[in-house]
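K.L.:
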Amino acid sequence: MIEKTLKVLMLEDLDTDRELIKRSVLKMIPNAIFIMASSKAEFEEKIKWGNPDLILADHNIPGYNGLEALLLVREKISHVPFIFVTGSLNDEERVAETILNGASGYILKNNLNALPAKILEVMGDAESRFQKRQDEVNKLRRKQILIQKLQALVTNAPEFEQKQEALEILEEITDITGII
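Numbers in the working numbering are just positions in the sequence shown, counted from 1, shifted up by 100.
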C-alpha cells in the first residue's frame with residue numbers, strides 16, 4: 101500500500117469504467133487525488149498543469165488513442181509512470197508496441213484486480229529511477245566542487261604540500277567518476 105498522496109491522471113471516457121478503476125486504485129493508494137480527462141483536449145490541458153505522479157489511460161478514446169497520449173506524456177513528462185487500463189490490448193503486437201513506446205505496463209479492464217499490484221510495481225520502478233538520477237546528480241555536483249578546488253590549488257600552489265593535496269583530490273575525482 102502507498103500511504104503518501106499521489107495525483108493520478110486518468111484518461112477514460114466511460115463513467116462506469118472510471119469508477120471501477122478509481123476503486124481499484126484506492127485499494128493501493130487510499131490517499132489518491134484523481135485528475136480526470138475524457139477527451140484529447142482535456143488530457144492535453146491536464147498534462148500541462150496537473151503534474152501527475154501516475155497516469156492511467158484507456159487505449160481507445162473517441163477521437164484519440166492511448167498511443168498518442170503515451171507519446172505526448174513521454175515528450176512532456178517522461179518520468180511519470182503510464183499504465184494502460186483497457187479492454188482492447190489483447191493483440192500481442194499492440195502490447196509490444198505500447199511497451200516499446202514507453203508504457204510502464206497494461207492491465208485489461210476485465211482483470212482490474214491486478215491493477216493495485218501493477219501500480220506498486222511501476223511506482224517502485226519510478227522511485228528507483230528517481231533515486232538513481234539523484235545519485236548521479238550528487239556525484240556530478242561533488243565532481244564539480246572537487247575540480248574547482250583542484251584548479252584553485254594548482255593555480256596557487258607554490259609548495260609541495262599543496263600539490264600533494266591536489267593529487268589527493270584528483271584521486272578522489274577518479275574514484276567518483278571511474279575515469280583514470
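Ideal Cβ placement from N, Cα and C applies to all residues, glycine included.
Tell me where the beta strand (DSSP E) around T105 begins and ends.
P.N.:
Sequence index remark: in the sequence shown, residue 105 carries index 5 (1-based). Here T105 belongs to no beta strand (DSSP E), and DSSP marks it neither H nor E.
K.L.:
Run the CB neighbour count on M110, radius 10 Å, all protein chains shown included, and call it buried at 16 or more, exposed below.
P.N.:
On the sequence shown, position 10 is the one that residue 110 refers to. Counting Cβ neighbours within 10 Å, M110 comes out buried, since at least 16 surround it.
K.L.:
Alpha helix (DSSP H) containing I147: first to last residue?
P.N.:
One-based indexing of the sequence shown puts residue 147 at position 47. 140-150 is the span of the alpha helix (DSSP H), which, as asked, contains I147.
K.L.:
In terms of residue numbering, what span does the beta strand (DSSP E) encompassing G166 cover?
P.N.:
What you label residue 166 is simply residue 66 of the sequence shown in a count that begins at 1. From DSSP, G166 is part of no beta strand (DSSP E) but of the alpha helix (DSSP H) over 166-176.
K.L.:
I'd like to confirm the pairing. Which residues does DSSP put opposite I161 in its beta bridges?
P.N.:
As a first step, residue 161 is located in the sequence shown; it is residue number 61 there, counting from the start. Partner(s): Y164.
K.L.:
Mind checking whether L140 and A169 have CB atoms under 9 Å apart?
P.N.:
Against the sequence shown, residue 140 aligns to sequence position 40. Against the sequence shown, residue 169 aligns to sequence position 69. It is worth fixing the name first, because residue 140 is Lys in this sequence and not Leu. For K140 and A169, yes; Cβs fall inside 9 Å.
K.L.:
Bridge partners of F184, per DSSP?
P.N.:
As a first step, residue 184 must be located in the sequence shown, where it is residue number 84. Partner(s): A157, Y206.
K.L.:
Using CA atoms only, rank isn't needed, just tell me which of E268, V237, F184 is closest to Q55.
P.N.:
Residue 55 lies beyond the residue range present for the chain, which begins at 101 and ends at 280; the question has no answer from this structure.
K.L.:
Assuming contact is defined by CB atoms lying nearer than 9 Å, are I135 and P152 in contact in what I supplied?
P.N.:
Walking along the sequence shown from the start, residue 135 turns up at place 35. Walking along the sequence shown from the start, residue 152 turns up at place 52. Cβ distance < 9 Å, so I135 and P152 count as in contact.
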